Every structure is written in structure tokens, then in C-alpha cells.
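Working notes for the structure below.
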Amino acid sequence: MAFEKVLIANRGEIAARIARSAKALGLRTVAVYSEADAGAAHLATCDEAVAIGGLSTAESYLDQEKILEACRVSGAQAVHPGYGFLAENADFARRCHDARIVFVGPPVEAIALMGNKAEAKRRMVQAGVPCVPGYQGHDQSDAVLREHAAEIGYPLMVKAAAGGGGRGMRLVTSAAGLDAALQSARSEARNAFGSDELILERAVLHARHVEVQVMADGHGHVIHLGERDCSAQRRHQKVIEEAPCSVMTESLRAAMGHAAVQAAQSIGYMGAGTVEFLLAEDGQFYFLEMNTRIQVEHPVTELVTGLDLVAWQLRVAAGEKLTVSQEQVTLQGWAMEARLYAEDPFDGFVPQTGTVLDVRWPQGEGIRVDQALAAGMAVTPYYDPMLAKVIAWGPDRDAARRRLLHALEDAAVLGVGTNRAFLQALLRHPVFVAGKATTDWIDGQLMLDPPRRPEASEVLWALAAVLFHVRRAAALPLAPGLRYWCSALDMDAPIKLSCRERIEPLRIRAVSPNVFQVSRGEQCDAVQEVATIRLLAPGHAGVISFADGAGHRNTVHAAWETSEVLHLAATGFEGSFRDVLMLSPAQRGGTASGHCMAPMAGKILAVKVEPGARVKKGQALCIIEAMKMEMEVPSPIDGVVQEVLVQPGLQVKPRTLMVRIEPAGQEAA
Amino acid sequence: MMEPFESTVDVTSETYRRQREGMLDLVAQVRSLEARVRAASAKARPKFDARQQILPRERVARLLDHGAPFLELATLAGYRQDEDDPDKTIPGGGSIIGIGYVSGVRCIIVASDSGITAAARPGGQKAVRAQHIALQSRLPLINLVESGGANLRDYQMEHFVYGGEMFYNMARLSAAGVPVISTVHGNCTAGGAYIPGMSDYVIMVRGRGKAFLAGPPLVKAATGEDADEQSLGGAEMHATISGLAEYLAEDDADAIRLTREVMASLDWGRSVAEPGHADEPLYDPDELCGVVPLDYRRPYDMREVAARIADGSRWSDFKPLYGADMVCLRAKVGGYACGFIGNNGPITPNGATKCAQFIQLCCQTNTPLVFLQNTTGYVVGTDPEQGGMIKHGSKMIQAVSNATVPRITFNIGASFGAGNYGMCGRAYKPHFLFAWPNARMNVMGGEQAATTMSIVVEASMKRRGMEMDPGMLAAMKQEIVDLFNRQEDALYATARGLDDGIIDPRDTRRVLTYVLSICAEAAGRSMHPNTFGVARL
């Protein structure tokens, strides 16, 4: 190989993924890490790791100088950028070449060209690749855009030319909404990509997102590796991807594959790339954009083709010939991937942060998990909320789907809320089961009757109570025979567990050191049996095996955030339980105070009220940016703003007091 | 390594089965009485709900650490003293006392069982006993107070006078360096007001907790002043104006939270490490219900009992060939060394001297003593008298009385005559005294008493040249038998506070491990006494 040490300019699961293939090829691997990632699990997957400092991405993984310096320090002769960050930054690729460091990716020109949607589209039209009718001109004045919009017709899409991943993208259904969409897309694009150039496209409704994986070497050989269907998207963020696509035919695959190869060839492409298309209901397909990097969802292609895409990226970058011919590419069975995000799918998909207390990954035939999580790691607002990818292969679509579903049921990330239950609901949904998902399915039809948050079962409540009891008993230095013992008639230990909005007064009686009767009742006099729990092994954390009174056995995963907060993950449930029995009246009162606190760590983007303003409950007080999302923070009560303690630009921690409101009716006369 | 004991009890035998059934029936009787008390108290739930209070037993349940042991004491005190009908009496003495853990601290709890009607709530005998234990075993004391108020029609002068001991003890506890926390859930009127007054820490419940030397009626009677309860002695007043209360709780639940918080803040902690590994007995302690005959007249080897209590069922048998009626064993229980003293029948002169010597040896090595009472007393007759029974018995009583180590007594069969004294009965102030439900206690057997009486009466009649009518004599004898027998059983003794409670025999090892650890902790704790007790200035 032309290099023997590669620096992976990325983090998380993709850094771990790249390291795996690089090591298999006999390469030394170098990780980089920001200040926020000092405890991250991807570091251990590489031979060495270089600290690049910084909390924000701009100060770390996006800082080209620091990455290049890390190459010099470590002696890495190649850089694999992964996805995101510097992966599609032509300037960075150029600087690598200048520094005689191999950039594992396409030529600078290809990146630059595909990095601008407008330019890319102009080139694709030229190359004869089918494109969605639209406007991708240089004149960006509102008047010109308005004019072209009218010509294209509604509904249409406004997209950031430099964009990707759904940012700076707006669907406009009528002329009335255009101005607002232009304004907000521009602002988001400027913030995210440093360019506010927009393109307009006719919105192809009820289309599928089907993308074709291509691989090219530096010797003019280009092949495609079949398609991926990524139609299950929420707000343009892919949620579930699969290969192949359920409505694909041989001829359509050949046509799309040909178009993709053509697109790559027309720009002198090299390495792994993805050509994204919209596949309309009528079977027509349109070029959307080309991603000049490894994709998040590349594993599904790997599982059906048997090829290691990352290894080929590295080999091609080292000048090797791609020895796989188009004829040799065959698709075996079906693969499906689910993206596990740190977000609350049942509360507006609010990003979740916190410390990972414990993780458990599924195992089994055809299961692959790409991840870099470990207990003790912080999930911060600084990076993308994707925690891991769970991928399943099966001989046919339904087998792959069921395997993925069960793998997700068995997975557990404790301490940080995830979209696991939402993914399960998608995988069980008749539309998805039938292979009929289109890009508007989740945001449209599904959200009319959105999946509900799974509730903890009675047995799970009982188990939670038992685990509290066992942990508390274990905390005391007692002779085993004295634990749980009452010399007179037994007394139940009272506990009051809360999990989200529900509060259960429960009582626990140890029948033996591993059998517990749990009943429900506010006081000792009136109790009603809930469940009998037999712990099959001692302990109150980790994998808990237990049986209920009928001998029905099951396992859940348990981890403690503090001695008073227990996180449980079961097949369909994840959540935390807290004992509120001993809360002070102020804590248990639960009446909303006029203190508006930051719901998570993030940056204040805007403050929408001033002292003296009269506000209604639910009215937005400020906007906070966290995990790439802009969120409104609502007023907890009706009242009058007394004090505003934050200003735009301020980085806040969770529970930072932001606005103080005097409750209505109590303001000084 | 000492050889373990080899039991000769056949646990598959018919005798064993019958004995076990009999004992379990007796245990069930105790449990059903305890259940009756709890049900009686819980009947007040609507009243408590209306006042937004929680039931007394619930207060205790919430106060205690989860999973920690709770040694509840004297659960059947007062049995048949409120009401002679055994099916109607509500024992318990109107209070819940026990040794448990609060915020990781072992302490003794005294809770007014205010759900019980006033009639079944005699004076503070249990509370005073709890204070003695607190002082002796250096256990912080928590009072959960809700006085029902004295019924003026039941006034007895001596109760008033002796009732003062409660406050005397509180002063002594404070001075000795044993913290006392009182949580006032309800009324503390007149004398009761000194419970918070004498406590180191007072928590009062807003709206419900009250303390005044004289309530509004007495103030009216004494001075003519129309005073309202809250300004006279409400919790808020005491927390803000008089300074009697350190903490103001919003309600009962909050008061329990504050009590736990105060206990945690004392950092009382533990002063001695738990012993390391302790072997379980080779013979299951559960068998204690079947290995002994219920009838104390049938003798058995006390080692069969010890084998189901001691670690590894092993010990060093002291002088097994001398004074065989007295079984003296050095053993460990739950890792704590102790000296067992048990009876294999009436105490002989040799048995008495052996016992006295063993007590002194245990004092020499600072080894706590455990008495397993099962004796009908010291032997009588010419031989024993000539053998110095009085002198040797006296030495034994003297050794027991003056022993410098913790003494724990179990009446597991019979505790008769001076045997009760020599085997560390209640008057000898053992640290703890428990009874099995089959236990009997008497100065002598009813039959012997009756026969003694009839012989004396007949002799006296004869001297006066009269003949005793056999019918009358039989009636007289029966009267004596009844008188003695009525006072002999375990419930009678526990009703009068002559023990710290009846325990399930199967719990004996647990109880002993627990109280030995209490004694060890007390011995290992350095105290910081002061001269006058802590004053609320």
C-alpha cells in the first residue's frame, strides 16, 4: 500500500467502523478526539489517539489545521474523513494533497462539484442524468426565485445549494409560504454551511428515496453495487434504510445503476460514492444529489453484496485497481438498518443528553451493530444524536425485518433516552411491513396516528420496586440472615415510584432473599397484590433475569443513575423510575413555578421576551440550539416576565434558570 | 477446629412432627394477636385520612430503612389488661417499639399507636423500657408522638408520680450523649409536653402537632383566659416563637422525611465493624420448632438447641463431665463470640459452681453471656442442702448479678423458682430478655404449690385436732393450681413487660445475632457525655 498509517478524522461509530477495516488491511490507525470526547469509546478502537481539543465541532473535528497537525504528530500518511465533518470539504481534500497526505475520498474537483447542488444539477443535466425540474441559477434574488417558483409550480422544495441531511430544506405548498421558507432556509443554510445559496425543485410527492452505491478506482473502472431504499425518513433524516428496494425490478436497477455510473464517470469520480434519486410512483427516477463519501447506511449494501466498502475505499485510495467487475456484483438476501438516535420520539423528538450508564447490544444470526458507545460516556449536545446503527440481514425482506425488530427489542442504552420504541413501531407498521413507505410517510400519514410511548407493565413496576429494595438492603452491612427480617408480623417496605407522569404507591415484602411480593397501597392497611418477583440471580444492576408468580421468566436491563434513579430497558420499554416517597412537599407538590429552566445543554439563539412582558403558558420565551435542532422553550405558566437571565450566544447547562415569571394574579399591584 | 455437635434428633419422627405442629400453633397465636393489634389500629384510617395523617404503623414503615432488620419489642404487652376476654383484648400497650435502622443508623423507635383506642393504651411502660435499652445499648432514640391524652377519670396518683421517669430518662440520655429525636404528630399535653421539651431534636407537624402544659380548657379553668390551640401550642408557634421545635413539617409524611434527614445528619454511623464471615449452623435453625418438647417436664439436651443457633453448630464444651445439669458452651453466633449457659434439668450444687465459674471466665475475656432457661429451679432435699445448694446457688446468683459483660436471656421452656434468678431473669436486668411462646415462668409449679399448701393446712388442722373436709381441701388445692397456672404462661408474662417479647423459636439465631451486634456496637462506641444534658436555651 501507498500508506501504512491512516488517521480517522471522525468520531463515534464510523471511526470505529473505519478502524476495523483499516486494521484488517494491515494499517495502523490513529483516532482524533475533542475535549468533549476524551472519554469516548472510539478511541480504544484505534492504535493511537491524538487530542485536538475544543468542545464545539468547529474547534475540533471541523478544524482542518488541527487534523493536519494530528497527521504530522502521528505520522499518518492518509486521512479517512468518514461522513460529515470534513468528508465533503474540497478545501480540506486539497490541503491534504498539498501536505502529501492521501485523502481517502474522491478527487477535489468531484467533491467541489457535487458539494454545490446547483452546480451538480447543471452538470448532471449535461451528462444526461434525469433531474427534477427546477431552478439552480446563480441569481438568488427573491424576485427571481419567486418567478421561477411560479414557473415550476407548487408544491416545491427549497434547498440549500451547499446543504445536505435535510438542513436548509423546506417544502412549500403554495406561493404564500415561499417568502418565509426562503428566509428560514437561507438563515439555516448560512448557519450550517456558510453559504445561503438556494435551489428550487418541483416536489415529487409520494416518492421513494432510492440511492445507488457506486465504487470507482483511479484507473477508470466504475461499478454500482445496487440500490438502497431510504424512504423511511423523518424531516429528511433517514431512520430506516434497506437494500434492496422492495419495488425494484431488474430493468429499473439496470437503468438507475447505469445513470449512477454515468454520473460518477462524468465527473472523474474515484472511491465510494452514492447517487441519490427520487423514485416516483410512476417508476420515473430523478437525480437528487451525489454524496462523495461513505454513507451512514453503507452496511446494508455490504451485507447484501458481501463487499467491504471501507476496505475498498482504502485500497482504491492507495492506487489499487478495483478488481470487482459489474457482473461479479450479486445481491444476496435483504438487509435493513435502523438508526438509534438519542431523542424522545414521543415528545417532539427532543434530543436527549446524559451519561450512558450501560449498553447492551443484540447478538444473533445476521445481526450487526455499528456503534462506539460505552458505559460512562456522555452524550452531549455537541454532536449528532445518532448513537448506533443496528443492522440485520435475512434471506428475504420479512426475515431481515423481523431480525431487526427483535434485535432492537434486545438492545438497551441506559441513561439516555432513545428512539428505540419508535423504530420498533415503524418496523411493525403495516405500511412498512408491506414495503410501501415513501419519504412523506413518517411525517405525514404516520404522524396522524403516531406511535404511543410504551408503558411499563405491572410486572415491570413491581420489578423496579424490588430492585430498589434489593439495592437498599445491599447498602447496609448486615449478616445475610438479618436482611429483610422483621421479628414480629412482617412489615412491607413502602415505596412510591414515579415513571414519567405515572406514580405508583407500592409495597415490597421479602418472602425469601430472592422472592418478593409487591403490592399496591398508599398505606399499610389496604393493599392489593401486584406481582410476585423471583430474582433468578442476585444483584440489582445489569442483566436481570426474573420470574413472575406464574414462573414466567424474562430479562430486563437495569442501571442506576443515582441511588434514587433506576433505568430499565425491556423489550418494548425504556424509562427511569424514581422513588418519590420521601420528597419534600415542595418537590412533590409539582405545581409549576415561574422558573423557566433550560431543558438541556445548548446555545441560546434568541430571547423572545423582555422583562415586564405578559406571557401565556406555552408561549415561546427563548430559542435554544442543541444537537443541530432549534427549539422553543415555552413559558411554564401564565404571568409577567420578571427577569431574563440569558442572552443570545450564551451556552447554557441543563436547568440553568433562563427566565423568571411572576405567576398571573400575584404580580404587585 | 472444634468438632461440630452431632444431633440425635430424628427430624422425620412422629414426635418431632407433633412438637413442631404444637409450637407452630403457638407462634400462629402470637402472630394473630399481632395482626389483631394492627387491624384495630388501621380501623382509624378514615379518621387519619380526614386529618391528612398517616397511620402510626405506616409512619414506622416509612421511617425504617428498606431491607434492614426490625426487632419489634413487646408486641403483646398489655395482653388482657385492657379487656379480660382473650378474643377481644387489644395488646401492644398502644405503642410500637423496636430496634431498626433509620438512614443507616441503628436506633430504637417508640411510636404512639394512636389508632388504638385510649382504653388499650396504658402508661409508658414500653416507652420506659425502650429508654433503658437506648441508654444501655447507646442507641439513638426516636419518638413518634401522638398522645391520646390521659383520661382524667382513670387518674391514679402513682402513675402520675412514676410517669416522671420518662423525663428523667430523657435527661439522662441527653447527658450520656445518646441523641433523642421526637417527632410530634399530634397532641402533647401537660406532662406529655415534656417529651418534646426534653428531646434533643423536635420535629412538629404543622396544624396537627401541639404541645402545651395546659390545653385551652385547663387554661380557661385556671386563669379564665380564652386561648386558641394554635397560639397556645401549635407547631408553627413552637417553630417560630417559642423555639420548642427545631423543624416544622408540612404533614406526617414530611415529618418522617425530616426525621430521617435529622438522623442522617447526626453522622452517628457505625463504630464497630461487622464480624467477617460466619458459618451457618449445620442444623437448620428452622428445626428449633420441633426439637424441643412443649411440656417442660420432659427433659432434653440443651445442646440440641445450641446446635441450631451457634455458628457451624460447634463450640467448646466447658466441663461437660462436671455438673452435667448445667451446659456451658463457648461458641460464636453470627461471628460474635458468646458463652451459652443452658439447663439440662434442675440446678445442682455442682452445676451452680460450674456456672458461676463460667460466668467469671466469660467476664475475664469480655465474652457476652447467653442464658437458655429451661429449669424448674435449684434441686431440693437433704443431699443438696447438705451439699451447700444455698451457698452455691447464692454464688451463682451473685456471679450473674455482678457480671460485667452483656447478658441476654431466652426463656425457652421453664423458668421456675430461684432458677429464674440464677438464670438471669427480668430482675437481674439482662440487656435483652425474650421468650418462646411455650415458655413457662413461676415461683413453683401449681401442683407443687397446691400440695405444699394442703400438707401445711392438714398439719395445722391436725394440731388443733380437726379433720379437713376432703371436698374443701380439693377445692382449695384447685384454687391454688388455678392461681399459679393462670400466671404461668408466656402471654401472662409478656403482658406485664416481664420480657422484651415473644419470639418465633426459628428466629432465635437472628435475634441473638442482632442483639449481640447491638451489644458489640455499644461496647465499641466512644461516648461524649456531658454533665447536664443538652439544653434548649
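These protein sequences, in sequence, are chains A and B.
For the first sequence, the working numbering begins at 1 and goes up steadily by one.
For the second sequence, the working numbering begins at 670 and goes up steadily by one.
Glycine included, C-beta positions come from ideal geometry on N, C-alpha and C.
None of the values given here were measured: they were computed from a predicted structure.
_I367(A) in three-state terms, based on DSSP_ = Residue mapping note: residue 367(A) aligns to position 367 of the first sequence, counting from 1. Residue state, collapsed to three classes: strand.
*Minimum length 3: unbroken beta strand (DSSP E) runs contained in the stretch 386–432 of chain A*: 386–394 and 412–414
_Cutting at 8 angstroms between CB atoms, please list the residues of its own chain near E1136(B), excluding the five before and the five after it._
What you label residue 1136(B) is simply residue 467 of the second sequence in a count that begins at 1. Within the same chain, E1136(B) has close Cβ partners M1130.
_Going residue by residue through the stretch 559–617 of chain A, where are the continuous alpha helix (DSSP H) segments of at least 4 residues, counting only ones entirely within it?_
Qualifying alpha helix (DSSP H) stretches, in chain order: 585–589.
*For S816(B) versus C776(B), is the C-beta distance shorter than 9 angstroms?*
By 1-based counting over the second sequence, the position of residue 816(B) is 147. By 1-based counting over the second sequence, the position of residue 776(B) is 107. Not closer than 9 angstroms, so no.
*Please check if any C-beta of chain A sits within less than 9 angstroms of the C-beta of V729(B).*
To locate residue 729(B), count along the second sequence from 1; it is residue 60. By this cut-off, V729(B) is an interface position.
*Sort V706(B), S781(B) and G736(B) by Cα distance to T758(B) and report the nearest one.*
Translated into positions along the second sequence, residue 758(B) becomes position 89. Comparing alpha carbon positions, the residue from V706(B), S781(B) and G736(B) closest to T758(B) is V706(B).
_Residues bridged to N1019(B) [DSSP beta-bridge criterion]_ = Stepping through the second sequence from its first residue, residue 1019(B) is reached at position 350. N1019(B) is not bridged by DSSP to any residue.
_With a threshold of 9 angstroms between beta-carbons, can G366(A) be considered close to chain B, or not?_
Here the question's residue 366(A) lines up with position 366 in the first sequence. No, because no Cβ of chain B sits closer than 9 angstroms to the Cβ of G366(A).
*Within chain A, partners of I723(B) - CB distance below 7 angstroms*: Locating residue 723(B) in the second sequence gives position 54, counting from the first residue. Residues of chain A passing the Cβ test: Q523.
_Nearest neighbour of Q328(A), chosen from N419(A), R202(A) and T305(A) [CA to CA]_ = What you label residue 328(A) is simply residue 328 of the first sequence in a count that begins at 1. Among N419(A), R202(A) and T305(A), the Cα nearest to that of Q328(A) is on T305(A).
*Grab me the residues of R520(A)'s own chain with a C-beta within less than 7 angstroms of its C-beta, minus the 5 sequence neighbours each way, in chain order.*
Against the first sequence, residue 520(A) aligns to sequence position 520. Here the set comprises E504, P505, L506, V527, Q528 and V530.
*Can you give the beta carbon distance from A99(A) to L68(A), rounded, assuming they're within the 8 angstroms contact cut?*
Numbered from 1 along the first sequence, position 99 holds the residue referred to as residue 99(A). Numbered from 1 along the first sequence, position 68 holds the residue referred to as residue 68(A). Between L68(A) and A99(A) the Cβ distance is about 6 angstroms, and since that is below 8 angstroms, they are a contact.
*With which residues is F516(A) paired in a DSSP beta bridge?*
To locate residue 516(A), count along the first sequence from 1; it is residue 516. DSSP, once it has assigned bridges, lists A510(A) and I533(A) as partnering F516(A).
*Starting from L482(A), find everything on chain B with Cβ-Cβ shorter than 7 angstroms and list it in chain order.*
Translated into positions along the first sequence, residue 482(A) becomes position 482. What L482(A) touches in chain B: P738, R1179, T1182 and Y1183.
*asked:* Let's test the definition: count the other Cβ atoms within 10 Å of the Cβ of A697(B) and tell me whether it reaches 16, buried, or not, exposed.
replied: To locate residue 697(B), count along the second sequence from 1; it is residue 28. Classification of A697(B): exposed, given that the 10 Å Cβ count is below 16.
*Under 9 angstroms between C-beta atoms, does D753(B) make it to chain A?*
If you number the second sequence from 1, residue 753(B) lands on position 84. D753(B) does not count as touching chain A.
_Under 8 angstroms (Cβ pairs) to chain A, residues found in the stretch 919–937 of chain B_ = E919, D920, A922, D923, I925, R926 and R929
_Which of the three DSSP states is assigned to V849(B) in this structure?_
Counting from 1 along the second sequence, the entry for residue 849(B) is found at position 180. V849(B) falls in the strand class under three-state DSSP.
*Please check if any C-beta of chain B sits within less than 9 angstroms of the C-beta of T591(A).*
Residue 591(A) sits at position 591 when you count from the first residue of the first sequence. Note that T591(A) scores a pLDDT of 48, beneath 50, so its modelled location is shaky; the value from the coordinates is reported in the next line. Answer no: the Cβ-Cβ gap between T591(A) and chain B never drops below 9 angstroms.
*Rounded separation between E1190(B) and L733(B) - CA only*: Stepping through the second sequence from its first residue, residue 1190(B) is reached at position 521. Stepping through the second sequence from its first residue, residue 733(B) is reached at position 64. E1190(B) and L733(B): Cα-Cα distance of roughly 19 angstroms.
*Check distances from the C-beta atoms of the stretch 768–779 of chain B to those of chain A and list, in chain order, the residues that come in under 8 angstroms.*
Y770 and G773
*asked:* List, in chain order, every chain A residue whose beta-carbon is nearer than 8 angstroms to that of A719(B).
replied: Taking the second sequence and counting its residues from 1, the one referred to as residue 719(B) is at position 50. The premise fails here: A719(B) is roughly 14 angstroms from chain A at the closest Cβ pair, so nothing lies under 8 angstroms.
_Helix, strand or coil at S246(A) according to DSSP, with G and I counted as helix_ = Position 246 of the first sequence, counted from the first residue, corresponds to residue 246(A). If DSSP states are grouped into helix, strand and coil, S246(A) belongs with coil.
_Secondary structure of C230(A), DSSP reduced to three states_ = For the purposes of this step, residue 230(A) is identified with residue 230 of the first sequence, where counting begins at 1. If DSSP states are grouped into helix, strand and coil, C230(A) belongs with the strands.
*Under the three-state DSSP convention, the category V359(A) falls into*: By 1-based counting over the first sequence, the position of residue 359(A) is 359. Residue state, collapsed to three classes: strand.
*What's the gap between the Cα of L198(A) and the Cα of L62(A)?*
On the first sequence, position 198 is the one that residue 198(A) refers to. On the first sequence, position 62 is the one that residue 62(A) refers to. Between L198(A) and L62(A), the C-alpha separation is close to 23 angstroms.
*Pair every Cβ in the stretch 427–447 of chain A with every Cβ in the stretch 529–547 of chain A, then say whether three or more of these pairs are closer than 8 angstroms.*
no
*Leaving out the 5 sequence neighbours to the left and right, which residues in its chain are closer than 6 angstroms to R170(A) when beta-carbon positions are compared?*
Locating residue 170(A) in the first sequence gives position 170, where the first residue counts as 1. Closer than 6 angstroms at Cβ, skipping near neighbours: V158, A181 and A185.
*State the Cα-Cα distance for the pair A922(B) and M582(A), rounded to the nearest angstrom.*
Residue numbering aside, residue 922(B) sits at position 253 when the second sequence is read from its first letter. Residue numbering aside, residue 582(A) sits at position 582 when the first sequence is read from its first letter. Counting only the Cα atoms, M582(A) lies some 8 angstroms from A922(B).
*For L138(A), which residues of its own chain have a beta-carbon under 7 angstroms away from its beta-carbon, when the five flanking residues on both sides are left out?*
Here residue 138(A) refers to the residue found at position 138 of the first sequence. At residue 138(A) the sequence reads His, which differs from the Leu that was named. Taken in chain order, the list of residues that qualify is empty.
*Tell me, to the nearest whole angstrom, how far the beta carbon of L156(A) is from that of A162(A); I am working on the premise that it is less than 8 angstroms.*
By one-based count along the first sequence, residue 156(A) stands at place 156. By one-based count along the first sequence, residue 162(A) stands at place 162. Actually they are not in contact, since the Cβ atoms of L156(A) and A162(A) sit about 19 angstroms apart, beyond 8 angstroms.
*If you drop the 5 nearest sequence neighbours on each side, which residues of the same chain put their C-beta closer than 7 angstroms to that of E662(A)?*
Residue numbering aside, residue 662(A) sits at position 662 when the first sequence is read from its first letter. Correct list, in chain order: G594, G639, V640 and Q642.
_Could you tell me the alpha carbon to alpha carbon distance between E337(A) and A601(A), rounded to whole angstroms?_
The sequence position of residue 337(A) within the first sequence is 337, counting from 1. The sequence position of residue 601(A) within the first sequence is 601, counting from 1. So the alpha carbons of these two residues sit roughly 29 angstroms apart.
_Measuring only the C-alpha atoms, how far is G762(B) from I778(B)?_
Taking the first residue of the second sequence as 1, we reach residue 762(B) at position 93. Taking the first residue of the second sequence as 1, we reach residue 778(B) at position 109. A straight-line Cα-Cα distance of about 15 angstroms links G762(B) and I778(B).
_So A845(B) contacts chain A; which residues on that side make the cut at Cβ distance below 9 angstroms?_
Within the second sequence, the letter at position 176 stands for residue 845(B). Here the premise fails: no neighbours, minimum Cβ distance about 25 angstroms.
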